[in-house]
Structures are given as C-alpha cells and as structure tokens.
Amino acid sequence: MFKSIALQAIRKSVRATSLSSPGLQQQVATRAFATAGFPPPRLFDYETVTSNLTVADAIESVEAAFKALAKGKVDVPMPMHIGIEESSVAGPGDCHIKGGYVSATPTFTVKLACVSFYKNVEKGLPPGSGIFIVVTLSPVLLWASFRRIDS
Numbered sequence: 000m001f002k003s004i005a006l007q008a009i010r011k012s013v014r015a016t017s018l019s020s021p022g023l024q025q026q027v028a029t030r031a032f033a034t035a036g037f038p039p040p041r042l043f044d045y046e047t048v049t050s051n052l053t054v055a056d057a058i059e060s061v062e063a064a065f066k067a068l069a070k071g072k073v074d075v076p077m078p079m080h081i082g083i084e085e086s087s088v089a090g091p092g093d094c095h096i097k098g099g100y101v102s103a104t105p106t107f108t109v110k111l112a113c114v115s116f117y118k119n120v121e122k123g124l125p126p127g128s129g130i131f132i133v134v135t136l137s138p139v140l141l142w143a144s145f146r147r148i149d150s
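Residues in the sequence shown are numbered consecutively from 0, following numbering that gives the first Met the number 0.
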C-alpha cells in the first residue's frame, strides 16, 4: 500500500515539475546523489497522500500484501513498544514501531506511531502522531515519509 501511495505521489509531483522524461528524472537523481552524497528524502503530508491514493489502490495493495504474507514472502518483525510514564515533561503515552519487507520488492517500510498521549489535549496538542518511512534498497536511501498529526 505504501509503495502505491509513494509512487502515485511521486508521479504527480514529477508531472507537476515537468520532469516527465525518465532520462531527465534519472539525471536529476544521479546529480543529487553525486553532489550531496545522498538525495534528500521525499516528504509527503497527509493531504498529498490522500489526494493521490484511491480506495481501490489501497485495497489492491493490501490484498497483494496479505497474499504475499500467506505465501511466507513477508518479513514482519515483532512490533516494538516504548512506554512513556507520566513526568513533568511528557506522558503518559506510548510509541509503537512496526515494519515489514515483501520479498523481491525494492523497498521496505517502517511505521512509528506515538499514541495515547491524552493529556496533550489539555495543552491544545494532538494526542498522537506518527510517520511511515519507506526506504529503497538499491541504493539504501530514505525514499519517502508520510506523516499525520491529528488535532
């Protein structure tokens, strides 16, 4: 699903910046890599993701992911949990970190979600936030991240 979101957002972004030629896209990517060591990560806000991803695309991607999982082609490590106790500067709340890789695909994804910081509401802050990070494997680079902060 996240690959689908990223690809659609990048395609629209590329069209919007008139880099529609694959050769030109490769030149820009190569130049960025050569001049900076690593190209900057592509960041997509919630509105960009939701405006580029259709429900049909999401369903198709989720179905494909579950089929791969059923065939044993997905590496999904155990989720990580960080509990934050209440103090003068934070909490109470918790953070969940999950990730996965579908065999023979060019990316893997990690999700970090900070949830249940309910006392933040008293301070006019959202009770949680999160980020999805999609990493390319060749070369290994941060490719895109998606973030949503609920208010």
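Note that CB positions come from ideal geometry on N, CA and C, so glycine has one too.
Under 8 Å between C-beta atoms of residue 45 and residue 74: No, the Cβ-Cβ distance between residue 45 and residue 74 is not below 8 Å.
Got a sec, what are the start and stop residues for the beta strand (DSSP E) residue 110 sits in? Following the DSSP letters along the chain, one finds residue 110 inside the beta strand (DSSP E) bounded by residues 106 to 114.
Residue 51 versus residue 114: straight-line alpha-carbon distance, rounded: 26 Å
Here's a check: name, in chain order, each residue in its chain whose Cβ is nearer than 8 Å to the Cβ of residue 137, leaving out the five neighbours to either side. 105
When DSSP labels each residue in this structure, what does residue 133 get in the three-state scheme? strand
Does DSSP classify residue 97 as helix, strand or coil? Strand.
Can the beta-carbon of residue 125 be found closer than 8 Å to that of residue 96? no
Per-residue burial, residue 88 [other beta carbons within 10 Å of its own, 16 or more giving buried]: By the neighbour-count rule (16 or more Cβ atoms within 10 Å), residue 88 is not buried but exposed.
Can you give the Cα-Cα distance for residue 64 and residue 49, rounded to whole angstroms? Using only the alpha carbons, I get a separation of about 20 Å.
Could you pull the DSSP bridge partners for residue 58 from this structure? Answer is none; residue 58 lacks a bridge partner.
If you draw a straight line from the alpha carbon of residue 62 to that of residue 85, how long is it in whole angstroms? 40 Å
Three-state class that DSSP yields for residue 50 in the structure shown: helix
Using only alpha-carbon positions, find the residue among 102, 80, 39 that is nearest to residue 94. The shortest Cα separation from residue 94 among 102, 80, 39 belongs to 80.
Could you round the C-beta distance between residue 83 and residue 76 to whole angstroms and report it? I think they count as a contact, below 8 Å. Between residue 83 and residue 76 a beta carbon distance of about 22 Å is seen, past the 8 Å cut, so the two are scored as non-contacting.
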